[in-house]
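>
In our numbering, the protein residues as written are 140 to 284.
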């Protein structure tokens with residue numbers, strides 16, 4: 140899996156904590172951000188978690204997976220579907236009064252490889268174009284044998 144990075148962003152990580160494939164290896168995941176090490180702990184840092192799970196693809200759909208990620212203190216915007224770089228994404232956005240002001244949950248089928256998931260915290264003042272550009276840059280390499 141790879142992600143085309145916005146200017147000034149870096150990627151870190153190789154596995155989705157708690158999600159294992161049939162061989163017992165962590166399923167692939169990346170954190171992309173101007174500061175990947177701070178993204179998970181500092182709500183002021185923009186970034187994204189992007190993961191790929193074959194196991195989730197067997198148990199749920201992209202729409203159901205996104206619906207299972209409500210943010211109680213946040214106001215949801217209508218879920219939208221968008222086709223980017225040949226991938227059909229289900230995208231839900233949230234405006235939040237505390238912590239991260241904007242949070243986006245997105246999921247898509249990645250062919251036979253599994254379910255793609257992205258949680259995105261866009262930079263302040265950026266619009267849906269930022270999210271769409273990031274999602275369009277997600278690429279899956281064929282699974283190794």
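Quick reminder that beta carbons are idealized off the backbone N, C-alpha and C, glycines included.
If we count Cβ pairs, one from each stretch, closer than 8 Å, do we get three or more for the region 207-216 versus the region 190-198?
With a cut-off of 8 Å, the region 190-198 and the region 207-216 do not count as touching, because too few Cβ pairs lie within range.
> Quick check: the Cα distance between residue 163 and residue 229, rounded to an integer number of angstroms?
28 Å
> Between the beta-carbon of residue 223 and the beta-carbon of residue 275, is there less than 7 Å?
yes
> Can you name the start and end residues of the alpha helix (DSSP H) that residue 194 belongs to?
DSSP places residue 194 inside the alpha helix (DSSP H), whose first and last residues are 193-198.
> Give the list of continuous alpha helix (DSSP H) stretches no shorter than 4 residues that lie fully inside the region 181-263.
193-198 and 201-206
> Comparing C-alpha positions only, which one of 273, 147, 182 and 218 sits nearest to residue 202?
218
> Across which residues does DSSP place residue 170 in a beta bridge pair?
Under DSSP, residue 170 shares a beta bridge with 151 and 188.
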